[in-house]
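Student:
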Amino acid sequence: MIYYIPTKTDLQELGTIQLAHSDRAPYLARDAVSRWLGGEHPAREIVALAASELVTNAVKYSDASSTGDDADAIKLELSQGADYLRLAVTDPGSSCSARPSIPLQTPNLHSEHGRGLAIVEALSRRRWGSYRVPPRGLRLVWCHLDRQPTLAQLEELFRAPV
338 MIYYIPTKTD LQELGTIQLA HSDRAPYLAR DAVSRWLGGE HPAREIVALA
388 ASELVTNAVK YSDASSTGDD ADAIKLELSQ GADYLRLAVT DPGSSCSARP
438 SIPLQTPNLH SEHGRGLAIV EALSRRRWGS YRVPPRGLRL VWCHLDRQPT
488 LAQLEELFRA PV
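Structure follows, in C-alpha cells:
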C-alpha cells in the first residue's frame, strides 16, 4: 500500500490556536473549530468531536503541567486539503509517545474512558496517525476528515447501537 503524505503547500490553513494544559482545553478546541468552519459547514460536528477527543488525550496523557508555560501548551491546527480537512494536535509528549494503538476489542460505548482514539479512527475512516517532532520530542497526532461527509456517512457515525 502506498500512502500520500501531504506537504504544507498542499494545505490551506483554516486556524491555529495554543491551548493551556487544562480541563477547559477540549471545550476551547470545539469552540475554535466551530468558529473556523462556521455554523453551516457539513463537517463541523465531526471535526469538533475529533478535536475534542484529540485535545482530551493531550491533556490526559502528555507530560505537560498546568503552569501555563508555552512549552506545555497544546497546539491545535485545522487545515483544508483538496477533499479533506486535516486536524493536528501537538503536545509536549510523554515518556511513552509511541504511535498509539487502537484496541482490538470494540470499546464499551457507555464507558467514560478509553474510547477517544477509537472515535477518531471511526470519524477519520482510519486516516490518522502520530509521530514525534524533533528536537524536543513533541508528539503530533493528526487525522484527515471528509470535507463533505455524505448523509449515509453521518448516519453510520452517529448511529447508536441497540
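For the sequence shown, position 127 (counting from the first letter as 1) is numbered 464 according to my numbering, and the numbering increases by one without interruption.
All C-beta atoms in this analysis are idealised placements derived from N, C-alpha and C, irrespective of residue type, glycine included.
What residue does the beta strand (DSSP E) around E350 start on, and which one ends it?
Tutor: Q349 to L356
Student: Quick one, are the C-beta atoms of L460 and A395 less than 7 Å apart?
Tutor: no
Student: Could you tell me which residues DSSP puts in a beta bridge with S416?
Tutor: E350 and R423
Student: If you count every other CB in all the chains shown that lies within 10 Å of the CB of P471, and 16 or more means buried, which is it?
Tutor: exposed
Student: Could you spell out where the alpha helix (DSSP H) holding S467 opens and where it closes?
Tutor: That residue, S467, is in no alpha helix (DSSP H); its beta strand (DSSP E) goes W465 to V470.
Student: Answer yes or no: do E390 and T353 have a C-beta to C-beta separation smaller than 7 Å?
Tutor: no
Student: Just verifying my parser: in three-state terms, what is the DSSP assignment at D400?
Tutor: Correct three-state label for D400: coil.
Student: For Y468, does the count of other Cβ atoms within 10 angstroms reach 16, so buried, or fall short, so exposed?
Tutor: exposed
Student: For A385, does the count of other Cβ atoms within 10 angstroms reach 16, so buried, or fall short, so exposed?
Tutor: Buried, by the Cβ-count rule.
Student: Which same chain residues end up closer than 6 Å to Q417 when comparing Cβ atoms and leaving out the 5 residues on each side of it in sequence?
Tutor: The residues Q349 and L351, in chain order, have a CB closer than 6 Å to that of Q417 in the same chain once the five nearest residues on each side in sequence are set aside.
Student: According to DSSP, what are the bridge partners of D428?
Tutor: R476
Student: Please report the Cβ distance between Y421 and R372, rounded to the nearest whole angstrom; I am assuming they are in contact, meaning their Cβ atoms lie under 8 Å.
Tutor: Contact doesn't hold; Cβ gap of about 20 Å is too wide.
Student: Per DSSP, L482 is paired with what?
Tutor: Here L482 is bridged, per DSSP, to L422.
Student: Alpha helix (DSSP H) containing R372: first to last residue?
Tutor: A362 to L374
Student: Determine, for D400, whether the minimum Cβ-Cβ distance to residues of chain C falls below 7 Å.
Tutor: Given the protein chain composition of this structure (a single chain), no chain C is represented.
Student: Name the one or two DSSP bridge partners that I411 has.
Tutor: L356
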